[in-house]
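Trainee: I have a structure here, written as structure tokens, and I will follow up with some questions on it.
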Amino acid sequence: MAEITPMMKQYFEIKEQYADTILLFRLGDFYEMFFDDAKLASRELELVLRGRDWGQEERAPMCGVPFHSADSYIARLVANGHKVAICEQIEDPALAKGLVQRDVVRVLTPGTVIESSMLEEGRNNYLACVYFNLDKAGVCFVDVSTGTLHLTQLAAPGLMMKIINELGHYRPSEIICNNDAALVKKIKEYMNTVKETVLETRTEEDFDYTSCSKTILAHFQAENLDKLGLESFAESVCSVGCALAYLREVQKSDLKNINRLDFYNDIQFMRLDVSARRNLELVETIRNREKKGSLLWVLDKTKTSMGKRLLRNWLEQPLLNLAKIIKRHNAVGELYANSVIRQDEMILLSSVHDVERLMARIVYGTANAKEIRALLTTIKVLPQIREPLERCKAVMLSDTYKDMDLLDDVEALIDNAIAEDPPFTVREGGMIKDGYNAELDSLRAISDDGKVIIASIQSKEQERIGIKKLKIGYNRVFGYYIEIPNSFKDSVPDEYIRKQTLVNCERYITQELKDLESKVLGAQERIVKLEYELFDDVRKQIAGQYNRIQKTAGALATLDTLCSLAQVAAANNYVCPDMSKGAEVEIKDGRHPVV
4 MAEITPMMKQ YFEIKEQYAD TILLFRLGDF YEMFFDDAKL ASRELELVLR GRDWGQEERA
64 PMCGVPFHSA DSYIARLVAN GHKVAICEQI EDPALAKGLV QRDVVRVLTP GTVIESSMLE
124 EGRNNYLACV YFNLDKAGVC FVDVSTGTLH LTQLAAPGLM MKIINELGHY RPSEIICNND
184 AALVKKIKEY MNTVKETVLE TRTEEDFDYT SCSKTILAHF QAENLDKLGL ESFAESVCSV
244 GCALAYLREV QKSDLKNINR LDFYNDIQFM RLDVSARRNL ELVETIRNRE KKGSLLWVLD
304 KTKTSMGKRL LRNWLEQPLL NLAKIIKRHN AVGELYANSV IRQDEMILLS SVHDVERLMA
364 RIVYGTANAK EIRALLTTIK VLPQIREPLE RCKAVMLSDT YKDMDLLDDV EALIDNAIAE
424 DPPFTVREGG MIKDGYNAEL DSLRAISDDG KVIIASIQSK EQERIGIKKL KIGYNRVFGY
484 YIEIPNSFKD SVPDEYIRKQ TLVNCERYIT QELKDLESKV LGAQERIVKL EYELFDDVRK
544 QIAGQYNRIQ KTAGALATLD TLCSLAQVAA ANNYVCPDMS KGAEVEIKDG RHPVV
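Going by the numbering used here, 460 is the number at position 457 of the sequence shown; the sequence numbering is gapless.
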């Protein structure tokens, strides 16, 4: 049997570790897929199926996508329920001795994506983890794109239905669970009604209590489970521990943005089963499963993605605590009464970006310079948003004022470092402002001077040898060269070294050009490398302020949601209900908000 090529050997070694994924294998400027992955991707992405020599008689089926436009292709695969492993070149091909080292840097699954192009802005994208054990279950929901983690412990009677009701509330796009036949069967029945969810069973080892406990304590840097309120909830420990381990496995990171655990119980929110949610048409209609025509459609006048998600959350988790209900009502009431503040705030909120998801990409090191500038746009409008809240009396609005950090230091960092109109890519330079780094400024001066010198050499040579059509060009193969039309070949000086013959011209090099090339190209390569290092440092500095920025994002989402409710109340002549602990509901001259 013929020898398999070294590159394909490397592919098989990596693919063996990610057998259940579509492996995107970086080759130069393309992500390539081979064999069954290629056949599947060619069908789903409508790509041409080609072949590649790999040392065997039959060519390997292959198809690929350009790396710079891969996101849209990956999004389609993930939306169809596939796992996609991204295998990158982890060393510079120019410096590699032999085969370039490659490794998987991230696995994308329906419940773990953080790219905005793959997410719906108005709803959370949850990964659910369910651990079922006889008469108890731990169920957690993690949105890695916002850092949100909700956890609950459920118990008999009606345990299986309680699990399904939780899944119906959070509507995860991916579920992982232990391999209990009854649980898997019930979840699959639920999935038949929602369509967009994928399911994976994990081994019992993945839910081992001891290892899950260690994972949780290490992640939240807690001394013991009691500090997190989990000491007596073994099933919940297994659930959240497995979820965190799975996320580390696919994200290849330490999940810094998941730093708070919301452990909730039955008495905090009104329990609504799947049937009640569907019939009440809280967030979508029964007939078309569309937002239009639902209660959310009526109430959603939010201006930010964060506000949209929070409003949806409030609707799907009605409060039971009377004091908290009245607190919300008072805040909405004040904004309802003060139309000037309400309208001004809504205008300002329109320029606020999705800070929660921006920060996730910053923390995971995938945000580009344009996204960093988008964060700056939001920070710059914070003083105007915050100022009117200082005069508000409602407790919830006062709390929002206190939680809103103006982030002056982060603003100064981005403003000083990041160019105003940076490119989308982070590996080709053009991101860092002049004046931010002395070494970068010096290298840019060398590069710019080189371009001026090239132009002067061209003019000098045109004059010296009397060929006006002489020009100096550049390509990656030969570097800088002098190009002379064939009609002037006889006038070429002896010191010109012929490098390439084309149909209509000859290309030459000179020692002067080679010396300049070394200086200019060396500076340009160092510029690109240094810019990325500086950008990555800025990104890490911003990530270090995660807690402050996320707290501010939460305040913006709350304000946006309250303004939306006040705006709808004002537009539709809604009145604030008088709430009590009694069981009576008295409605005078009421009307259905949707019908």
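No residue lacks a Cβ here, since even glycine has one placed at the ideal position from N, Cα and C.
Since L250 and V81 are thought to touch, with beta carbons under 8 Å apart, how far apart are those beta carbons, to the nearest angstrom?
Mentor: Contact doesn't hold; Cβ gap of about 15 Å is too wide.
Trainee: Run the CB neighbour count on Q553, radius 10 Å, all protein chains shown included, and call it buried at 16 or more, exposed below.
Mentor: Flag for Q553 reads buried.
Trainee: Just to confirm my understanding: we take G58, look at its own chain, exclude 5 residues before and 5 after, and list those with CB closer than 6 Å. What are they?
Mentor: A5, E6, I7, T8, listed in sequence order.
Trainee: Got a sec? Which residues, its chain only, sit under 7 Å from A140 by beta carbon, not counting five neighbours each side?
Mentor: V133, Y134, L157, L162, I166, E238.
Trainee: Between V598 and N227, what straight-line distance do the alpha-carbon atoms span, to the nearest angstrom?
Mentor: One C-alpha to the other measures close to 52 Å.
Trainee: Using the DSSP secondary-structure output, state which residues sit across from C132 in a beta bridge.
Mentor: C132 pairs with C143, I179.
Trainee: Considering only DSSP beta bridges, list what T204 is partnered with.
Mentor: DSSP, once it has assigned bridges, lists C180 as partnering T204.
Trainee: Report buried or exposed for C579, applying the criterion of at least 16 other Cβ atoms within 10 angstroms of its Cβ.
Mentor: Per the 10 Å Cβ criterion, exposed.
Trainee: Based on the DSSP output, what are the partners of G482 in its beta bridges?
Mentor: According to DSSP, G482 bridges with N478.
Trainee: Please state whether DSSP places E91 in a helix, a strand or coil.
Mentor: Three-state result, E91: strand.
Trainee: What separation, rounded to the nearest whole angstrom, lies between the Cα atoms of Q104 and Q92?
Mentor: Approximately 6 Å, taken between the alpha carbons.
Trainee: Are the beta-carbon atoms of Q544 and L379 separated by less than 8 Å?
Mentor: Not in contact: Q544 and L379 (Cβ atoms no closer than 8 Å).
Trainee: Quick check on the DSSP output: what are the complete alpha helix (DSSP H) runs of length 4 or more inside the region 265-311, in order along the chain?
Mentor: Fully enclosed alpha helix (DSSP H) runs of 4 or longer: 277-283, 298-302.
Trainee: Who are the near neighbours of Y614 in its chain, counting only those whose CB is closer than 6 Å to its CB and skipping five residues on each side?
Mentor: For the chain, the structure presents residues 4 to 598; residue 614 sits outside this window and is missing.
Trainee: Check the DSSP bridge columns for V187 and list the partner residues they point to.
Mentor: None, per the DSSP bridge assignment.
Trainee: For I328 and E431, I'd like the C-alpha separation in whole angstroms.
Mentor: Spanning the two alpha carbons is a distance of roughly 52 Å.
Trainee: List the residues that DSSP assigns as beta-bridge partners of D106.
Mentor: E91, per the DSSP bridge assignment.
Trainee: Could you tell me whether the Cβ atoms of A377 and L537 are closer together than 8 Å?
Mentor: Against a cut-off of 8 Å, the Cβ pair of L537 and A377 comes out as no contact.
Trainee: Quick check on E35: does DSSP put it in helix, strand or coil?
Mentor: In the structure shown, E35 sits in a strand (DSSP, three-state: E or B).
Trainee: Per DSSP, which one or two residues make a beta bridge with R53?
Mentor: In DSSP, R53 forms a bridge with M65.
Trainee: Using beta-carbon positions only, say whether E169 and V142 come within less than 8 Å of one another.
Mentor: Contact flag set, yes.
Trainee: Would you tell me roughly how many angstroms separate the C-alpha atoms of T428 and L323, rounded to the nearest one?
Mentor: So the alpha carbons of these two residues sit roughly 48 Å apart.
Trainee: Return the chain-ordered list of same chain residues with a C-beta closer than 6 Å to the C-beta of G310, the five sequence neighbours on each side being excluded.
Mentor: Result list for G310: A560, D563, T564, in chain order.
Trainee: Straight-line CA distance for I590 to E203?
Mentor: In a straight line, the C-alpha of I590 is about 47 Å away from that of E203.
Trainee: Please name the residue or residues paired with Q503 in a DSSP beta bridge.
Mentor: DSSP, once it has assigned bridges, lists R510 as partnering Q503.
Trainee: Write down every uninterrupted run of the alpha helix (DSSP H) in the region 422-499 whose length is 4 residues or greater and which is fully enclosed by it, in chain order.
Mentor: Complete alpha helix (DSSP H) runs here, min 4: 441-468.
Trainee: Ends of the alpha helix (DSSP H) at F236?
Mentor: First-last for F236: undefined, no H or E at that position.
Trainee: Could you check the C-alpha separation between S120 and A78 for me, to the nearest Å?
Mentor: If you take the alpha carbons of S120 and A78, they lie about 7 Å apart.
Trainee: Check M4 in the structure and name its three-state DSSP category.
Mentor: Only weak support is given to the placement of M4: the predicted model assigns it a pLDDT of 49, under 50, and the value that follows is read from those uncertain coordinates. Correct three-state label for M4: coil.
Trainee: If you drop the 5 nearest sequence neighbours on each side, which residues of the same chain put their C-beta closer than 6 Å to that of H222?
Mentor: Only L247 meet the Cβ criterion.
Trainee: Suppose you measure from the CA of E414 to the CA of T381; what does that come to, to the nearest Å?
Mentor: When rounded, the distance between both Cα atoms is 10 Å.
Trainee: At what residues does the alpha helix (DSSP H) containing F15 begin and finish?
Mentor: Here the alpha helix (DSSP H) through F15 covers 9-20.
Trainee: Compute the distance between the beta-carbons of L446 and A372, then report whether it is under 8 Å.
Mentor: Going by C-beta atoms, L446 is not nearer than 8 Å to A372.
Trainee: Taking R467 as the reference, give the member of E534, V495, D452 with the closest Cα.
Mentor: Cα-wise, what sits closest to R467 is V495.
Trainee: If M11 sits next to A63, beta carbons under 8 Å apart, how far is it from one beta carbon to the other, in whole angstroms?
Mentor: That belief holds up - the Cβ atoms of M11 and A63 are roughly 7 Å apart, short of 8 Å.
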